[in-house]
Structure formats: C-alpha cells, structure tokens
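This report refers to the structure that appears directly beneath it.
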Amino acid sequence: MIRYALLFISSFCITSLAEAESVQVAVAANFAGPMESIAKAFEKESGHQAAVSLGATGQLYAQIRNGAPFELLLAADEATPAKLEAEGLTVKGSRFTFAIGKLALWSPKPVFVDNDGRVLKKGDFAHLALANPKTAPYGAAAVEVLKKLGVYDALAPKLVLGENIAQAYQFVASGNAELGFVALSQVQKDGRLTGGSAWCVPAKLYSPIRQDAVLLAKGEGKAAAAALKEFLKSEKARTIIASFGYDL
456 MIRYALLFIS SFCITSLAEA ESVQVAVAAN FAGPMESIAK AFEKESGHQA
506 AVSLGATGQL YAQIRNGAPF ELLLAADEAT PAKLEAEGLT VKGSRFTFAI
556 GKLALWSPKP VFVDNDGRVL KKGDFAHLAL ANPKTAPYGA AAVEVLKKLG
606 VYDALAPKLV LGENIAQAYQ FVASGNAELG FVALSQVQKD GRLTGGSAWC
656 VPAKLYSPIR QDAVLLAKGE GKAAAAALKE FLKSEKARTI IASFGYDL
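In our numbering, each number is its position in the sequence shown, counted from 1, plus 455.
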C-alpha cells in the first residue's frame with residue numbers, strides 16, 4: 456500500500472509540474488512594485504509563473520504591434536488596450552480596469568515638496584523630472600497638471616523626460632533632478648511615504664488614470680494567461696494593489 460501511495464504522489468507531482476506554465480505579461484512601469492508582489496502570490500497559489508516585461512505603455516503597444524510574444528497587457532491607461540482591441544490584437548471581452556492610478560510630486564529631500572505643490576510656482580529648482588508624455592500616461596497627466604496650474608511655460612526649460620515613469624523616478628532618486636512627477640505607488644506603501652517629501656496631486660488637476668488589463672491574442676487558450684487575468688480580480692490581488700495607493 457505504501458508503495459502504491461508513493462507512486463501516486465510521484466505521478467501527481469509530475470502532472471502538476473507539466474501543467475504549470477509561464478505567462479508573458481507586459482506591465483506599465485508604474486505598476487512594477489505591485490506586480491512583483493502579485494506575481495509571487497500568483498505563483499504560490501496557481502503554480503504558474505509570470506514573466507514580466509516593464510515599460511512605458513506606448514512602448515509596450517509598439518512592441519505588441521511588432522509581434523512581441525506578450526499574452527497579457529497591464530497598461531497605464533484605458534485607451535491603449537481599447538486600441539489594441541479595435542485592431543483585433545486582443546481576446547474580445549477580456550478588457551477590464553484593474554486600478555486607478557494616482558500622480559505624486561516627489562523629492563527624496565525631506566520638506567522640499569510641500570503639501571500643496573507650491574514648490575512648482577516658486578520654481579526654486581534646476582530640474583523637474585517626468586515620464587515622456589508621448590508614450591507614458593503618467594507623463595501626460597503631469598503635463599496636464601502643469602498647464603492647469605499655469606506653470607508649464609515657465610518650467611518647460613527645466614523638464615527632464617524619462618522613457619517611462621520608472622526612469623523619471625530614477626532621475627529624482629539619483630539626484631539628477633531635485634523633484635519629479637511619479638506614480639504614488641512608487642513612493643508609498645501601506646499608506647505611508649517611503650521617504651522624502653511628496654504632494655499627492657489632487658485628482659481634479661488631471662484626467663483619471665484608469666489602468667486597464669487585456670488578454671492579448673497570443674494568450675488565447677493559454678491556461679497561465681487566463682489564470683493571471685482572473686487572479687488580478689481576486690481579493691488577494693486587490694489588497695496588494697490598494698496597499699500601493701491605487702484606487703480600485
């Protein structure tokens with residue numbers, strides 16, 4: 456009996472390993488922190504792995520159009536997944552909003568950024584970092600804020616553009632820019648600022664950053680891709696997402 460039991464367990468393990476897959480997922484750079492935690496929880500729960508590629512949403516879109524092997528896209532906007540859907544590059548009916556992003560003005564220096572963003576009007580700095588507004592939704596939101604505050608023209612010579620929100624963050628973290636517009640999720644965890652000073656930009660100053668996910672055509676019929684899409688809707692994933700400052 457013991458021999459048969461061992462054979463059964465061994466067979467079950469082999470079958471489970473054979474069924475485990477890896478999903479190629481393209482993720483907007485602002486979501487790097489939450490995605491790392493989600494990927495670990497997803498692997499623990501499902502056995503599947505998530506191979507994550509980070510970048511600006513516009514860059515990821517171009518890669519998908521050029522045949523990149525991505526099976527799932529987590530964008531920083533709703534327009535890009537909708538555009539891919541219209542172009543026949545997604546699985547119809549699979550698009551949904553997984554988070555609503557928040558923009559923050561941040562500096563690693565304590566007290567440098569005030570709670571009302573008045574530092575922008577004072578202009579007492581040499582460089583202001585933000586993501587490229589042509590490819591990164593958070594960068595476009597930052598430009599929108601500057602224009603609504605009436606300081607865009609004055610600060611334009613001081614702007615330093617990153618390829619994506621992750622690079623914009625690095626410009627500030629490294630000291631190459633005194634402050635910059637980043638995703639709140641990059642500087643906050645569990646409702647607390649991870650360091651420095653920040654202004655959580657009021658939502659009324661920029662268009663809502665609705666972040667949509669969509670199952671891409673290359674992911675159709677793939678168990679791991681479908682499983683991750685559903686896991687993103689789970690309470691476990693939603694708790695992780697909320698802990699980084701996103702609205703749901």
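Glycine included, C-beta positions come from ideal geometry on N, C-alpha and C.
Within its own chain, the residues whose Cβ lies closer than 8 Å to the Cβ of Pro536, once the five positions on either side in sequence are excluded, are Leu528, Ala530, Thr545, Arg550, Asp667, Ala668, Val669, listed in chain order. A distance below 8 Å separates the beta carbons of Phe525 and Ala481.
Straight-line measurement puts the Cα of Val478 at about 6 Å from the Cα of Ala506. When the alpha-carbon of Gly522 is set against those of Lys538, Tyr607, Leu671, Leu575, the nearest one is in Leu671. When Ala581, Lys564, Asn570, Gly556 are compared, the shortest CA-CA separation from Ala597 is found for Gly556. Excluding sequence positions up to five before and after Ala595, its CB lies within less than 7 Å of the CB of Pro588, all in the same chain and listed in chain order. In this structure, the alpha-carbon of Leu703 lies about 26 Å from that of Glu618. Residues Pro489, Ser492, Ile493 of the same chain have their beta carbon placed closer than 6 Å to that of Ile695, with the five preceding and five following residues left out of the count. For Asp608, the enclosing alpha helix (DSSP H) starts and ends at 607–610. At a Cβ-Cβ threshold of 8 Å, Leu610 and Gly578 count as neighbours. The beta carbon of Ala680 sits closer than 7 Å to the beta carbons of Val478, Glu526, Leu527, Leu670, Gly674 from its chain, once the five residues preceding and following it are set aside; these are given in chain order. Between the C-alpha atoms of Ala559 and Ala581 there is a straight-line separation of about 19 Å.
If one requires a minimum length of 4 residues, the alpha helix (DSSP H) runs lying completely within the region 463–535 are 487–501, 512–520, in chain order. By alpha-carbon distance to Glu498, the top candidate from Ala697, Phe699, Lys691 is Lys691. Under the three-state reduction of DSSP output, Thr552 falls in the strand class. Counting only unbroken stretches of 4 or more residues, the alpha helix (DSSP H) elements lying wholly within the region 642–697 are 678–686, in sequence order. With a threshold of 16 other beta carbon atoms within 10 Å, Lys688 falls short and is exposed.
The three-state secondary structure of Gly578, taken from DSSP, is coil. Spatial neighbours of Lys547 in its own chain (CB-CB distance under 8 Å, excluding positions within 5 residues in sequence) are listed in chain order as Glu540.
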